[in-house]
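Under my numbering, the first residue of the sequence shown is numbered 5, with each subsequent residue one higher. Structure, as structure tokens:
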Amino acid sequence: MSQKELNLGILAHVDAGKTTLTERLLYAAGVIDDVGSVDAGTTQTDSLALEQQRGITIKSAVVSFTVGDVHVNLIDTPGHPDFIAKVERVLSVLDGAVLVISAVEGVQPQTRILMRALERLRIPTLMFVNKIDRTGAGEERVLQLISERLRAAVLPMGTTNELGTRAASFTAHGADDADFVARLTEVLAERDDRILAAYLEDDGGVPYDRLRTELAAQTGLAVVHPVYLGSAITGTGVEELMSGVAELLPAADGDPEGPVSGSVFKVERVSGGEKIAYVRMFSGRIRTRDRVRFGHDGEGKVTAVAVFERGRAVQRPSVGAGAVAKLWGLGDARIGDRIGETGVGATSAQFPPPTLEAVVVPADRDERACVRVVLEQLAEQDPLLNIRQDDRHGEISVSLYGEVQKEVVQAMLMDDFGLDMTFREATPICIERPTATGEAVEILHAESNPFHATIGLRIEPAPIDSGIEFHAQVDHRSVPLFVYKTAESFGVHMDRYVRETLREGLFGWQVTDCSVTLTECGYSVPDGPPSRRGPLSTAADYRKLTPIVVMQALERAATVVCEPIVLVRLEIPADTVGAVVSLVTRLGAALAASATRGQLTTLETMLPAARASDLQRQIPGLTHGEGVVEMEFGGASASVGPSRRDDGPHRTPSTGANT
Ligand SMILES: Nc1nc2c(ncn2[C@@H]2O[C@H](COP(=O)(O)OP(=O)(O)OP(=O)(O)O)[C@@H](O)[C@H]2O)c(=O)[nH]1
Ligand SMILES: [Mg+2]
Numbered sequence: 005m006s007q008k009e010l011n012l013g014i015l016a017h018v019d020a021g022k023t024t025l026t027e028r029l030l031y032a033a034g035v036i037d038d039v040g041s042v043d044a045g046t047t048q049t050d051s052l053a054l055e056q057q058r059g060i061t062i063k064s065a066v067v068s069f070t071v072g073d074v075h076v077n078l079i080d081t082p083g084h085p086d087f088i089a090k091v092e093r094v095l096s097v098l099d100g101a102v103l104v105i106s107a108v109e110g111v112q113p114q115t116r117i118l119m120r121a122l123e124r125l126r127i128p129t130l131m132f133v134n135k136i137d138r139t140g141a142g143e144e145r146v147l148q149l150i151s152e153r154l155r156a157a158v159l160p161m162g163t164t165n166e167l168g169t170r171a172a173s174f175t176a177h178g179a180d181d182a183d184f185v186a187r188l189t190e191v192l193a194e195r196d197d198r199i200l201a202a203y204l205e206d207d208g209g210v211p212y213d214r215l216r217t218e219l220a221a222q223t224g225l226a227v228v229h230p231v232y233l234g235s236a237i238t239g240t241g242v243e244e245l246m247s248g249v250a251e252l253l254p255a256a257d258g259d260p261e262g263p264v265s266g267s268v269f270k271v272e273r274v275s276g277g278e279k280i281a282y283v284r285m286f287s288g289r290i291r292t293r294d295r296v297r298f299g300h301d302g303e304g305k306v307t308a309v310a311v312f313e314r315g316r317a318v319q320r321p322s323v324g325a326g327a328v329a330k331l332w333g334l335g336d337a338r339i340g341d342r343i344g345e346t347g348v349g350a351t352s353a354q355f356p357p358p359t360l361e362a363v364v365v366p367a368d369r370d371e372r373a374c375v376r377v378v379l380e381q382l383a384e385q386d387p388l389l390n391i392r393q394d395d396r397h398g399e400i401s402v403s404l405y406g407e408v409q410k411e412v413v414q415a416m417l418m419d420d421f422g423l424d425m426t427f428r429e430a431t432p433i434c435i436e437r438p439t440a441t442g443e444a445v446e447i448l449h450a451e452s453n454p455f456h457a458t459i460g461l462r463i464e465p466a467p468i469d470s471g472i473e474f475h476a477q478v479d480h481r482s483v484p485l486f487v488y489k490t491a492e493s494f495g496v497h498m499d500r501y502v503r504e505t506l507r508e509g510l511f512g513w514q515v516t517d518c519s520v521t522l523t524e525c526g527y528s529v530p531d532g533p534p535s536r537r538g539p540l541s542t543a544a545d546y547r548k549l550t551p552i553v554v555m556q557a558l559e560r561a562a563t564v565v566c567e568p569i570v571l572v573r574l575e576i577p578a579d580t581v582g583a584v585v586s587l588v589t590r591l592g593a594a595l596a597a598s599a600t601r602g603q604l605t606t607l608e609t610m611l612p613a614a615r616a617s618d619l620q621r622q623i624p625g626l627t628h629g630e631g632v633v634e635m636e637f638g639g640a641s642a643s644v645g646p647s648r649r650d651d652g653p654h655r656t657p658s659t660g661a662n663t
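Here it is, written out as structure tokens:
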């Protein structure tokens with residue numbers, strides 16, 4: 005089969021027209037006979053009742069079509085920042101992307117955030133300037149904004165006629181368009197000396213075919229971004245975009261004969277509770293009835309495989325490298341899990357974690373357990389939705405990005421499960437950082453040590469945003485190989501026990517920015533020398549002793565609680581600066597920078613996350629509705645003092661750690 009596979013993501017700020025464009029692409033490719041509408045709730049990808057009622061995308065959805073010899077799996081993503089976690093996982097499985105930008109609104113806050121993530125991951129990206137049929141649509145202005153605000157090398161692939169009217173259309177540039185050829189040559193020569201040399205050598209210029217091939221190559225390296233313009237509503241420009249996708253974006257590679265490797269980017273529960281994992285295959289082949297490994301130590305038998313063909317998922321005996329499939333049977337698979345060879349090519353987080361959490365209040369207290377189970381199911385589908393149970397108060401908290409996500413969670417519980425609940429006001433999620441080095445050790449046979457193992461750990465502060473690093477610095481002869489098989493596997497397990505413990509530090513918050521070293525370990529065996537004689541050590545001994553030693557070391561290191569900080573960028577009419585500055589000052593922040601260009605003033609400031617939402621609420625009123633607020637996670641501040649998460653006594657390490 006000579007068909008190529010391309011896994012394509014459609015990304016944009018909320019409401020830019022991703023779902024409408026997806027619908028148009030399916031129509032243009034002949035997959036559907038009628039174009040559905042977001043406003044009528046009849047599109048292929050907004051399939052949840054809640055999406056249809058609200059006209060916004062909440063989850064990512066896969067459809068497929070074929071252009072020429074390229075089979076495209078298209079992933080429509082949500083644009084609202086509250087659902088960024090869904091986009092996060094999709095990014096790691098893409099061969100290319102289309103970034104949609106509204107011709108009226110131009111570059112919006114989320115457009116920038118997404119473009120930065122695409123650039124970091126070097127994902128080849130085409131841009132589609134949508135809504136050219138709407139009054140107020142711009143061409144030059146928007147292209148200018150794209151190159152200025154996204155600081156990206158862009159190349160318009162055509163031009164519009166009758167912009168801003170229902171009759172607006174897009175005409176692609178071709179080989180006979182001298183200006184386009186000149187611009188194309190210039191853009192390419194800037195990044196490739198061979199094109200420059202060919203251009204200088206040959207009076208007739210570089211052959212057009214070679215320029216197109218080179219354009220595909222530079223697009224594939226994500227250094228140049230071809231821009232199409234059009235309207236997802238009228239369909240103009242969509243066929244040209246589709247040809248661009250096939251011609252300019254690189255198809256998936258990967259060896260179908262190689263070892264099995266894939267990544268779970270979405271999980272879905274169907275009625276009856278059965279779980280389906282959406283997997284992108286990077287290498288190898290998975291067949292029905294294969295046993296596969298996933299995540300840390302998950303394993304399961306694949307009971308069915310479906311791949312995407314002509315829009316929908318169809319059952320097939322297997323799925324190979326490059327493709328996307330739905331897999332049944334992997335009940336414990338979680339979003340983000342690697343399948344097969346573990347640890348290969350996992351991508352790190354691209355977007356900041358939620359900064360707020362809210363306590364869930366079930367209308368009927370007796371339904372608390374139910375609410376928790378359902379929330380945990382939702383969390384499986386959304387890796388950044390953390391559920392936390394506070395046993396002291398019997399409360400459940402959920403980490404959240406914002407108000408819309410709150411409403412969606414609430415509506416899903418009500419509509420799908422008949423559970424009525426509300427949220428208490430959201431509070432910031434802090435972190436703890438160690439302030440000094442702390443060490444602790446529990447020795448085998450010591451009276452304080454109820455387990456058959458020796459563990460010594462050192463915790464040291466590490467640079468901000470470095471996360472948790474774990475090293476094992478022990479003699480391999482002291483490693484219990486009869487439990488963990490290899491020293492490496494022992495290290496991986498110890499790393500995990502340490503990380504699990506550090507999820508709640510001395511004040512109940514996640515501990516981070518530290519380096520943890522295993523300084524000592526030991527085991528007991530029935531026939532060992534007296535110092536090591538005793539019942540055979542087991543994995544449970546290490547798993548249960550680790551939290552005790554971690555917490556002792558942490559107490560000696562002492563931690564400081566840090567509050568999340570948000571970087572805020574405001575774009576406001578110049579005549580409202582006075583009012584906005586006094587609001588910012590009232591909220592307790594200092595202005596970091598300000599600049600005025602024409603009628604608009606840009607202000608930058610940093611605020612605790614808890615205050616940032618106040619600011620966001622008040623800006624429209626102060627700026628005749630014209631102010632734009634852009635927010636970005638700015639890390640965690642220095643100390644906010646020893647504020648406890650549950651304002652109770654600090655926790656004692658549990659000796660019955662789970663798993
Ligand atoms: N006039 C006009 N309206 C459009 C066009 N594309 C989309 N729309 C409208 O814009 C609104 C948002 O469109 P969607 O396709 O839901 O946008 P989206 O990017 O998928 O939105 P989210 O998934 O919620 O982020 C709907 O009312 C569409 O009808 C277009 O080209 N022209
Ligand atoms: Mg959508």
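Heads up, the beta-carbon is just placed ideally off N, CA and C, and yes, glycines get one too.
Item to complete: Mind the definition here: the stretch 611-622 touches the stretch 585-593 only if three or more C-beta pairs lie below 8 angstroms; say whether that holds.
Response: yes
Fill in: DSSP three-state assignment for Lys22, whether helix, strand or coil
Here residue 22 refers to the residue found at position 18 when the sequence shown is read from its first residue. DSSP places Lys22 in helix when its eight states are reduced to three.
Discussion item. Is the beta carbon of Ala325 closer than 7 angstroms to that of Asp259?
Written reply: Translated into the one-based positions of the sequence shown, residue 259 becomes position 255. Translated into the one-based positions of the sequence shown, residue 325 becomes position 321. Yes, they are a contact pair.
Worksheet item: Can you name the start and end residues of the alpha helix (DSSP H) that Tyr501 belongs to?
Response: Here residue 501 refers to the residue found at position 497 when the sequence shown is read from its first residue. Element bounds for Tyr501: Ala491 to Thr505.
Worksheet entry | N-terminal and C-terminal residue of the alpha helix (DSSP H) that Tyr203 is part of | The sequence position of residue 203 within the sequence shown is 199, counting from 1. Tyr203 -> alpha helix (DSSP H) spans Asp197 to Glu205.
Fill in: Val348 (DSSP reduced to helix, strand or coil)
As a working note, residue 348 is residue 344 in the sequence shown. Model confidence at Val348 stands at a pLDDT of 43, short of 50, so the residue's coordinates are unreliable; what they give is reported in the following sentence. Coil.
Worksheet entry | Residues bridged to Gln720 (per DSSP) | With the chain covering only 5 through 663, there is no way to say anything about residue 720.
Worksheet item: In the stretch 233-273, which residue ranges form an unbroken beta strand (DSSP E) of at least 3 residues, counting only runs that do not cross its ends?
Response: 265-273
Item to complete: Can you tell me the Cβ-Cβ gap for Val229 and Pro113, rounded? I've got them flagged as a contact below 8 angstroms.
Response: As a first step, residue 229 must be located in the sequence shown, where it is residue number 225. As a first step, residue 113 must be located in the sequence shown, where it is residue number 109. According to the sequence as given, residue 229 is His; it is not Val. 19 angstroms between Cβ atoms; not a contact.
Worksheet item: For ligand 1, is there a heavy atom less than 6 angstroms away from the beta-carbon of Pro82?
Response: Start at 1 with the first residue of the sequence shown, and residue 82 comes out as number 78. Within the cutoff, so yes.
Worksheet item: Using a threshold of 6 angstroms, is the CB atom of Lys22 nearer than that to any non-hydrogen atom of ligand 4?
Response: With respect to ligand 4, the structure offers nothing, as its ligand set consists of ligand 1 and ligand 2.
Item to complete: Examine ligand 2 and report whether any of its heavy atoms sits within less than 6 angstroms of the Cβ of Thr61.
Response: The residue given as residue 61 occupies position 57 in the sequence shown. Result yes, Cβ under 6 angstroms from ligand 2.
Worksheet item: Out of Ala362, Pro357, Thr542 and Ile400, which has the shortest C-alpha to C-alpha gap to Val378?
Response: For the purposes of this step, residue 378 is taken as residue 374 along the sequence shown, with counting starting at 1. Taking only the C-alpha atoms, the option nearest Val378 is Ile400.
Item to complete: Figure out for me which residue from Phe355, Phe421 and Ile339 has the closest Cα to the Cα of Arg376.
Response: If you number the sequence shown from 1, residue 376 lands on position 372. Of the listed residues, the one whose Cα sits closest to Arg376 is Phe421.
Worksheet item: Alpha carbon to alpha carbon, how far is Gly347 from Ile117?
Response: The residue given as residue 347 occupies position 343 in the sequence shown. The residue given as residue 117 occupies position 113 in the sequence shown. No answer about Gly347 holds up, because its pLDDT of 46 lies below 50 and its placement is not dependable.
Worksheet item: Should Ile237 be counted as a contact of ligand 1 given a C-beta to heavy atom distance under 6 angstroms?
Response: On the sequence shown, position 233 is the one that residue 237 refers to. Because some heavy atom of ligand 1 lies under 6 angstroms away, the Cβ of Ile237 counts as near it: yes.
Practice prompt. Please classify Glu567: is it buried, with 16 or more other beta-carbons within 10 angstroms of its beta-carbon, or exposed?
Written response: To locate residue 567, count along the sequence shown from 1; it is residue 563. With 16 or more Cβ atoms within 10 Å of its Cβ, Glu567 is classed as buried.
Discussion item. Can you tell me whether Gly349 is buried or exposed? The criterion is at least 16 other CB atoms within 10 Å of its CB, across all chains shown.
Written reply: Within the sequence shown, the letter at position 345 stands for residue 349. Because Gly349 sits at a pLDDT of 43, beneath the cut-off of 50, its placement in the model cannot be relied upon, and the point is left open.
Practice prompt. Consider the C-beta atom of Lys270 and the heavy atoms of ligand 1; say whether any pair is separated by less than 6 angstroms.
Written response: In the sequence shown, residue 270 corresponds to position 266, counting from 1. It does not: the Cβ of Lys270 is nowhere closer than 6 angstroms to a heavy atom of ligand 1.
Worksheet item: If you draw a straight line from the alpha carbon of Ala186 to that of Glu303, how long is it in whole angstroms?
Response: Here the question's residue 186 lines up with position 182 in the sequence shown. Here the question's residue 303 lines up with position 299 in the sequence shown. Between Ala186 and Glu303, the C-alpha separation is close to 56 angstroms.
Fill in: Arg462, DSSP secondary structure in three states
Stepping through the sequence shown from its first residue, residue 462 is reached at position 458. It is a strand residue.
Item to complete: Use the C-beta contact count for His300: other C-beta atoms within 10 angstroms, 16 or more gives buried, fewer gives exposed.
Response: If you number the sequence shown from 1, residue 300 lands on position 296. His300 comes out exposed.
Practice prompt. Within the stretch 500-568, note down every full beta strand (DSSP E) run reaching 3 residues or more, in order along the chain.
Written response: 518-527
Worksheet entry | Residue environment, Phe87, which counts as buried when at least 16 other CB atoms sit within 10 Å | Taking the first residue of the sequence shown as 1, we reach residue 87 at position 83. It is buried - the Cβ of Phe87 has at least 16 other Cβ atoms within 10 Å.
Discussion item. With the cut-off set at 7 angstroms, would you say Arg560 and Gly442 are in Cβ contact?
Written reply: Locating residue 560 in the sequence shown gives position 556, where the first residue counts as 1. Locating residue 442 in the sequence shown gives position 438, where the first residue counts as 1. In contact: Arg560 and Gly442 (Cβ atoms closer than 7 angstroms).
Worksheet item: Around the C-beta of Leu619, are 16 or more other C-beta atoms found within 10 angstroms, so that it is buried, or is it exposed?
Response: By 1-based counting over the sequence shown, the position of residue 619 is 615. When all chains shown are included, Leu619 counts as buried.
Worksheet item: Say the cut is 6 angstroms; is the CB of Val18 nearer than that to a heavy atom of ligand 1?
Response: The residue you call residue 18 lines up with position 14 of the sequence shown. Checking the Cβ of Val18 against ligand 1 gives yes.
Worksheet item: Which residues in the same chain as Thr23 place their Cβ atom closer than 6 angstroms to its Cβ, once the five residues preceding and following it in sequence are excluded?
Response: Counting from 1 along the sequence shown, the entry for residue 23 is found at position 19. Around Thr23: Val42, Thr47, Thr49, Asp50, Thr61 and Asp80.
Worksheet entry | Three-state class that DSSP yields for Phe184 in the structure shown | By one-based count along the sequence shown, residue 184 stands at place 180. Here Phe184 sits in helix by DSSP.
Worksheet item: Is the Cβ-Cβ distance between Ala415 and Ala362 less than 7 angstroms?
Response: The sequence position of residue 415 within the sequence shown is 411, counting from 1. The sequence position of residue 362 within the sequence shown is 358, counting from 1. Not in contact: Ala415 and Ala362 (Cβ atoms no closer than 7 angstroms).
Practice prompt. Return the chain-ordered list of same chain residues with a C-beta closer than 7 angstroms to the C-beta of Val412, the five sequence neighbours on each side being excluded.
Written response: Along the sequence shown, one-based indexing puts residue 412 at 408. Leu54 and Ile62.
Practice prompt. Tell me whether His475 sits in a helix, a strand or coil according to DSSP, three-state version.
Written response: Translated into the one-based positions of the sequence shown, residue 475 becomes position 471. Here His475 sits in strand by DSSP.
Fill in: Counted within 10 angstroms of its Cβ, other Cβ atoms place Pro128 as buried (16 or more) or exposed
Position 124 of the sequence shown, counted from the first residue, corresponds to residue 128. Pro128 comes out buried.
Worksheet item: For Asp517, is the classification buried or exposed, using 16 other Cβ atoms within 10 angstroms of its Cβ as the cut-off for buried?
Response: Position 513 of the sequence shown, counted from the first residue, corresponds to residue 517. Buried is the call here.
Worksheet entry | CA-to-CA distance, Asp137 to Leu29, given in whole angstroms | Position 25 of the sequence shown holds residue 29. Position 133 of the sequence shown holds residue 137. Approximately 17 angstroms between the Cα atoms of the pair.
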